[in-house]
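Working notes for the structure below.
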Ligand code: GAR
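Residue numbers (the numbering used here): 47 to 266.
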């Protein structure tokens with residue numbers, strides 16, 4: 047089976063990118079390699095993390111394009127030039143247009159810091175998600191990894207993990223707990239499952255297939 051080339055798209059600090067890099071170092075991204083990190087703005091710390099790990103970093107800056115659509119088309123061109131098989135949105139804060147989904151059908155994963163279908167969709171990103179969850183008074187939140195479709199945060203769900211909300215949590219407390227206990231765990235796991243061809247999408251449902259018995263030669 048061909049090793050899948052992964053591009054991680056980022057907009058900020060890149061702790062989810064770091065979780066992927068660490069998992070790769072531990073051999074937990076089976077049959078996949080992080081081939082590129084692409085940032086939506088220059089100077090973000092995620093690019094520093096890529097550099098430190100010897101992963102090529104690129105910038106496709108939103109400000110250099112007149113619209114999200116024009117930026118999406120430039121991104122698709124770059125991803126195709128790099129022969130990317132899987133696109134991972136890891137804290138990527140630009141809403142991509144249909145061109146991306148059509149270029150990579152069921153081959154884009156996004157991590158969202160809540161249990162979809164709660165606290166998701168337009169306007170729910172970063173710390174805002176946790177502010178809304180705390181305002182609502184939920185006792186449990188968590189994270190979701192899903193395939194990206196044309197509906198914002200609406201694609202088929204791959205993995206979810208619940209995390210308790212604690213008395214007197216600030217949005218920052220909840221964000222950190224969800225990252226540590228959920229996002230950094232389920233994102234590398236979902237990426238590894240994809241790279242092993244173990245995710246089968248049937249409508250809205252994602253089936254997780256049993257592992258294939260891959261010999262060492264197959265993994266080269
Ligand atoms: C993460 O919590 C991620 O789930 C969230 O932004 C944060 C990025 O952190 N993404 C969204 O809200 C997307 N809707 P990171 O840059 O440290 O990985």
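Glycine included, every Cβ here is placed at the ideal spot set by N, Cα and C. All values reported here derive from a predicted model rather than from experimental measurement.
Whole-angstrom distance between residue j and residue i, CA atom to CA atom
i, j, result
"residue 185", "residue 219", "14 Å"
"residue 60", "residue 225", "11 Å"
"residue 215", "residue 48", "45 Å"
"residue 177", "residue 139", "17 Å"
"residue 58", "residue 93", "9 Å"
"residue 266", "residue 79", "Interpretation of residue 266 is limited by its pLDDT of 49, a score under 50 that renders its predicted location unreliable; the figure taken from the coordinates is listed afterwards. In a straight line, the C-alpha of residue 266 is about 11 Å away from that of residue 79."
"residue 254", "residue 244", "6 Å"
Residue i: first and last residue of the uninterrupted alpha helix (DSSP H) it sits in
i, result
"residue 79", "Unbroken run through residue 79 is the beta strand (DSSP E), 78-85; no alpha helix (DSSP H)."
First and last residue of the uninterrupted beta strand (DSSP E) at residue i
i, result
"residue 251", "251-254"
"residue 104", "103-105"
Which listed residue (the options) has its alpha carbon closest to that of residue i
i, options, result
"residue 241", "154, 145, 187", "154"
"residue 182", "101, 164, 151, 76", "164"
"residue 175", "97, 98, 222, 103", "222"
"residue 132", "251, 189, 73, 83", "83"
"residue 195", "187, 150, 74", "150"
"residue 136", "87, 232, 56", "56"
Residue i: CB within 6 Å of a non-hydrogen atom of the ligand GAR
i, result
"residue 157", "yes"
"residue 104", "no"
"residue 182", "no"
"residue 136", "yes"
Within 8 Å, do at least three Cβ pairs link the stretch 142-153 to the stretch 58-72?
no
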